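Take a look at the structure below.
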Amino acid sequence: DTYKYVFDILEEVIDVFKPDAINIGHDEAYSVGVCQRCANIPAYVLYSEDVKKIHSFLSEKNIKTYMWGEKLLKAFDSCNVPIGGSGHGKGLAKVPALYPCRDLLPKDITFLHWYWCFNPEYDKIYHERGMRALYGNLHPLNLEKWNKRRQMGINGGYVSNWGAFGEEYMQRNCQYIALVSAAYAFWCDDFDERGKEALVESCMRECYRLKCKKIRNPIKIVHSTNHDIPYVPFYDGLFIEDE
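Residue numbers for the sequence shown follow this note's numbering, so the first one is -6 and each next one is one higher.
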C-alpha cells in the first residue's frame, strides 16, 4: 500500500517540475526485510524489486531513473569498517548486505557514486556492468587520479550542497571552490599534472575574480590579528549562527 503514496508524490513532482529524470534516493537503507512476510526473502532481492517497481513507473512516463549507488558496493572505509552495501552488525542492529543487487538492477539507471573518496576500485563496479555513473558530492581537489578515472568511464559529476545558498554557507561548506575546481577538472586536460597547490591557487584567484569583477582598480589591504576563531567542519544539520 505504500506505493500508492510513493507514486502519488512522484506524480506531483512530475506535474510540477516536468523532469527528464528523477533521483529516487535509495541511499542509507539500513532496515530491509524485518517483517514476517519478508523474513525469508534475501534483503538484496527486496531492495532491487523496490527499485525496479519505481523504475518501471517512471519509465512508463518516459522519465529516466537516477539513484545513489552506495548499496551496490561491498565497500569499506579507511579503517576497514564495512559501509555501503556490505552489511554489518547482528541481531536488532543488523544491517543486511545489499551489494548483490547490482546484478539485478536495470542497466539504464544512472548511479550517483559518492564513494569515490574511499577507493578508486569501486568505480569499476559500475563500469564492468556497463552502468552509467556520475560522481556525486564531488570535490575534485580530493579525488585522486582524476584523468585516469575519467578514461575508465565515469560519465561526469556534480557538486552537492547540503545547506543554504547564502554566500557564507557556500564559502564555509567549500561549494565555491568545489564548483570552480570541478570546472577545471572537466574542461582542462592537464588537471592532474598541475598539482594540488597550483590548482588551489588558481581556484582562489578565480573565486576572487568572480566576486570582484565589477570592482575597478581594487585596493588590497593586508592585516594581521590575534583573534582566533576555531574552524568547525560542516556536517548535515550543523548551521552557521551569527553569534
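Think of the CB as a built atom: it goes at the ideal place given N, C-alpha and C, for glycine as much as any other residue.
The structure presented is a predicted model; accordingly, all values stated were derived computationally and were not measured.
Starting from the Cα of residue i, find the closest Cα among the options and give me that residue.
i, options, result
"ALA171", "GLU186, PRO223, GLU199", "GLU199"
"LEU91", "THR218, LYS213, GLU21", "GLU21"
"TYR(-2)", "PRO12, ILE47, VAL9, ASP116", "ILE47"
"LEU97", "GLU53, SER153, TYR40, LYS83", "TYR40"
"ILE56", "ASN33, VAL6, GLY84, GLU194", "VAL6"
"SER52", "THR(-5), ILE34, GLU4, ALA191", "GLU4"
"ASP182", "TYR(-4), ARG143, PHE111, ASN166", "ARG143"
"PRO223", "ARG165, VAL25, PRO35", "ARG165"
"THR(-5)", "SER49, ASP43, SER217, LYS213", "ASP43"
"ASP70", "VAL38, PHE50, PHE111", "PHE111"
"TRP180", "SER217, ALA157, GLY149", "GLY149"
"ASP8", "VAL38, LYS54, THR218, VAL27", "LYS54"
Taking all protein chains shown into account, do 16 or more other C-beta atoms lie within 10 angstroms of the C-beta of residue i, making it buried, or fewer, making it exposed?
i, result
"MET145", "exposed"
"GLY303", "Here the chain comprises residues numbered -6 to 236, so residue 303 is not present and cannot be evaluated."
"ARG209", "exposed"
"LYS64", "buried"
"CYS94", "buried"
"TRP61", "buried"
"ALA32", "exposed"
"HIS268", "The first residue shown for the chain is -6 and the last is 236, placing residue 268 beyond what the model contains."
"CYS205", "exposed"
"GLN273", "The structure shown does not extend to residue 273, since the chain is modelled only from -6 through 236, so no value can be given for it."
"ILE17", "buried"
"ALA68", "buried"
"LEU85", "exposed"
"VAL25", "buried"
"ALA36", "buried"
"ALA191", "exposed"
"ALA157", "exposed"
CB residue i to CB residue j, shorter than 8 Å?
i, j, result
"THR103", "ARG122", "no"
"ASP116", "HIS132", "no"
"THR58", "ILE15", "yes"
"VAL74", "GLY82", "no"
"TRP155", "LEU136", "no"
"ASN140", "ASP185", "yes"
"ILE118", "LEU203", "no"
"PRO12", "LYS45", "no"
"ILE233", "GLU160", "no"
"ASP50", "PHE0", "This sequence places Phe at residue 50; Asp is not what is there. In this structure, PHE0 lies closer than 8 Å to PHE50 by Cβ."
Within a Cβ cutoff of 8 Å, which residues of the same chain sit near residue i, ignoring the five residues on either side of it in sequence?
i, result
"TYR23", "VAL88"
Near residue i, what residues of its chain come up, given a Cβ to Cβ distance below 7 Å and the 5 sequence neighbours on each side ignored?
i, result
"TYR151", "LEU127, GLY129, LEU131"
"VAL173", "CYS196, GLU199, CYS200"
"ALA178", "PRO133, TRP139, PHE184"
"HIS120", "MET145, GLY146"
"PRO113", "GLU137, LYS138, ARG142"
"PRO211", "CYS205"
"GLY188", "none"
Ordered along the chain, which non-local residues of its own chain (more than five positions away) have a Cβ less than 6 Å from that of residue i?
i, result
"GLY80", "VAL88, PRO89, ALA90"
In chain order, each alpha helix (DSSP H) run of at least 4 residues that lies wholly inside the stretch 142 to 173: The stretch 142 to 173 contains these whole alpha helix (DSSP H) runs: 160 to 165.
- Query: Where are the beta strand (DSSP E) runs, 3 residues long or more, that stay fully inside the stretch 97 to 140, in chain order?
  - Reply: 103 to 106, 125 to 128
Continuous alpha helix (DSSP H) assignments of at least 4 residues falling wholly in the stretch 29 to 57
36 to 53
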